[in-house]
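Chains as they are written, first to last, in my numbering: chain A, 39 to 361; chain B, 5 to 98.
Here the structure is laid out as structure tokens; the discussion comes afterwards.
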């Protein structure tokens, strides 16, 4: 009976997911496509939880649905609101359909064989076996910050590169929407909650679902909310601080890596006694960097006064304001 | 266990197919990026389905970490593409 209920649950999740994906990709209204995409992200978060990946469920809800959704919603103002019908010729459309179909059949074949393959040496066994020396007990955090720390270091570099591109290309986007008192009142309640939740996710990531990326994205959400509720208030902090926060994560990561290189002759090889502390330090700094990066990405370009902040070194004490 | 894995990996393949087809068919930036994100979500779903090892046993943490990285890289790439698109629009308007 329970198994039947699970099957019904699985089947409805999958059908709803495919319907939302189809809707996102086939609707002619941009606003509708973005809304369906956000809904699909939230449904995916439920599916990650169902497939026993709670770390991903948190990340998808905050980043996949939340931050991506905010990025798209702020970007659609720059474009026409209806999606024009594709200009592709019928022959090309037929070719695209055939190519997609062929790839789908090939993938089905590969996945079918992959699922039926006998279990060789699964990496998960090694992760569980090595977990005691990793400094954290959440296996996902252990993989991200210890066993495959190199990947995460480069991931931070990818995030930084993307944000630097955004900052190089454009000035920030200005919203002309007048913020409502309701949103401002709600923001007063929500922002402290978001900051506390972010700190909790960061701390708990060592032994339970959570970690730097979820915490950073949640902090970015708090910044975006402040920006939406009080668009005209001048921020009382220096843009040098923003630059500093943007790079502190990757800087700390590299410094710790080189320190370990001098100590143990291997880049980023943590001592088991120190690993927990080092991972927490790296994660805290990474959280700050990720939050700043995602918030700047949401603004879509340089905040006001960004160049002046770079030119006049003497003016750094005057609290350069961002709009 | 195989049946759940099969169901969710088929959903992942379906998502990939829907996203890929729409990415190739659309020529406007935002619908294209949305479709590309759908396509990526399909790949993530296949990955996590393979990591899933039944209701009783512990799933494989390595694909989870990879997909977590993937989600963050996807949002960074999306932000970058939107910025590039906005710059192109500004240049076309001039």
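Think of the CB as a built atom: it goes at the ideal place given N, C-alpha and C, for glycine as much as any other residue.
CB contact flag (residue i, residue j, <7 Å)
| i | j | result |
| --- | --- | --- |
| residue 71(A) | residue 38(B) | yes |
| residue 204(A) | residue 87(B) | yes |
| residue 330(A) | residue 284(A) | yes |
| residue 324(A) | residue 250(A) | yes |
| residue 59(B) | residue 178(A) | no |
| residue 80(B) | residue 200(A) | yes |
| residue 194(A) | residue 287(A) | yes |
| residue 245(A) | residue 176(A) | yes |
| residue 161(A) | residue 71(B) | no |
| residue 83(B) | residue 109(A) | yes |
| residue 90(B) | residue 116(A) | yes |
Inter-residue spacing [alpha-carbon to alpha-carbon] between residue i and residue j
| i | j | result |
| --- | --- | --- |
| residue 243(A) | residue 181(A) | 12 Å |
| residue 85(A) | residue 217(A) | 35 Å |
| residue 40(B) | residue 24(B) | 7 Å |
| residue 336(A) | residue 105(A) | 8 Å |
| residue 51(A) | residue 10(B) | 14 Å |
| residue 30(B) | residue 36(B) | 6 Å |
| residue 146(A) | residue 240(A) | 38 Å |
| residue 77(B) | residue 62(B) | 26 Å |
| residue 224(A) | residue 27(B) | 38 Å |
| residue 47(B) | residue 7(B) | 19 Å |
| residue 74(B) | residue 50(B) | 13 Å |
| residue 132(A) | residue 142(A) | 15 Å |
| residue 57(B) | residue 64(B) | 8 Å |
| residue 137(A) | residue 61(A) | 21 Å |
| residue 348(A) | residue 339(A) | Here the model assigns residue 348(A) a pLDDT of 49, short of 50, so the residue's position is not dependable and the matter cannot be decided. |
| residue 227(A) | residue 150(A) | 49 Å |
| residue 313(A) | residue 128(A) | 59 Å |
Buried versus exposed call for residue i [16 or more other C-beta atoms within 10 Å across all chains shown]
| i | result |
| --- | --- |
| residue 93(A) | buried |
| residue 97(B) | exposed |
| residue 360(A) | Note on residue 360(A): pLDDT 39, under 50, position unreliable in the model; the coordinate value appears next. The residue in question, residue 360(A), is buried, as its Cβ has 16 or more Cβ neighbours within 10 Å. |
| residue 39(A) | exposed |
| residue 210(A) | buried |
| residue 103(A) | buried |
| residue 47(A) | exposed |
| residue 42(B) | buried |
| residue 15(B) | buried |
| residue 53(B) | buried |
| residue 212(A) | exposed |
Quiz item: When the Cβ atoms of the region 292 to 309 of chain A are set against those of the region 248 to 265 of chain A, are three or more pairs found closer than 8 Å?
Solution: no
Quiz item: Is the number of C-beta pairs between the region 17 to 24 of chain B and the region 96 to 103 of chain A that are closer than 8 Å three or more?
Solution: no
Quiz item: Below 8 Å, can you find three or more Cβ-Cβ pairs linking the region 187 to 198 of chain A to the region 288 to 305 of chain A?
Solution: yes
Practice problem: Mind the definition here: the region 60 to 79 of chain A touches the region 114 to 121 of chain A only if three or more C-beta pairs lie below 8 Å; say whether that holds. | Solution: yes
Quiz item: What residues in the region 289 to 320 of chain A have a beta carbon less than 9 Å from any beta carbon of chain B?
Solution: none
Exercise. Identify each residue in the region 92 to 113 of chain A for which the Cβ-Cβ distance to at least one residue of chain B is less than 7 Å, and report them in chain order.
Key: 93, 94, 97, 98, 101, 102, 105, 106, 109, 110 and 113
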